[in-house]
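**Student:** I have a structure I would like to understand better, so I am pasting it below and will then ask my questions one at a time.
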Amino acid sequence: MPVSYYIILASALFCIGVAGVLTRRNAIIVFMCIELMLNAVNLLLVAFSKMQNIATPPGSVSVGGSDAQIFVFFIMVVAAAEVSVGLAIIVMMYRNVHSIDINFLNRLKN
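Quick look at the structure:
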């Protein structure tokens, strides 16, 4: 499968994520869109890693392009930590304010 398919899919997922972050006001949906953007980047990293592995000459030593895949693993760990902290903040905000609207956070500054 050509890498261009992965690039098209990842760019479509990233654009959907950006559109969701910019247009939605629900905090949970915004977190889901951020995760979608992170997964699009992860897809590109793995696709380019696979492309680099294929482009290696047959006689040379290759580690299998695992550097990018290890980097993707760390991105997934950081994203999981971000979601757990973010959801805890959203739950506490809902308990105190009874709303998860992002626009309401601007009113809390005063």
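Following the numbering used here, the numbering of the sequence shown begins with 594 at its first residue and continues without gaps.
Glycine included, C-beta positions come from ideal geometry on N, C-alpha and C.
1. Taking its Cβ as the centre, do 16 or more other Cβ atoms sit within 10 Å of S642, making it buried, or is it exposed?
2. Determine the contact status of R617 and C608, defining contact as a CB-CB distance below 9 angstroms.
3. For A673, is the classification buried or exposed, using 16 other Cβ atoms within 10 angstroms of its Cβ as the cut-off for buried?
4. By Cβ distance below 6 angstroms, which residues in the same chain neighbour A640 in space, the five residues on each side in sequence not counted?
5. Assuming contact is defined by CB atoms lying nearer than 9 angstroms, are A603 and V623 in contact in what I supplied?
6. Exposed or buried, which one is L615 when buried takes at least 16 other CB atoms within 10 Å?
7. Could you tell me which of L606, I621, M669, I663 sits nearest to L629, measuring between CA atoms?
8. Would you decide whether A620 is buried or exposed? Buried here means 16 or more other CB atoms lie within 10 Å of its CB.
9. Rounded to the nearest angstrom, how far is the Cβ of L631 from that of I668, given a contact under 8 angstroms?
**Tutor:** Quick answer:
1. buried
2. The Cβ atoms of R617 and C608 do not sit closer than 9 angstroms to each other.
3. exposed
4. V596, Y599
5. no
6. Under this definition L615 is an exposed residue.
7. L606
8. buried
9. Cβ-Cβ separation between L631 and I668: approximately 6 angstroms, consistent with a contact (criterion under 8 angstroms).
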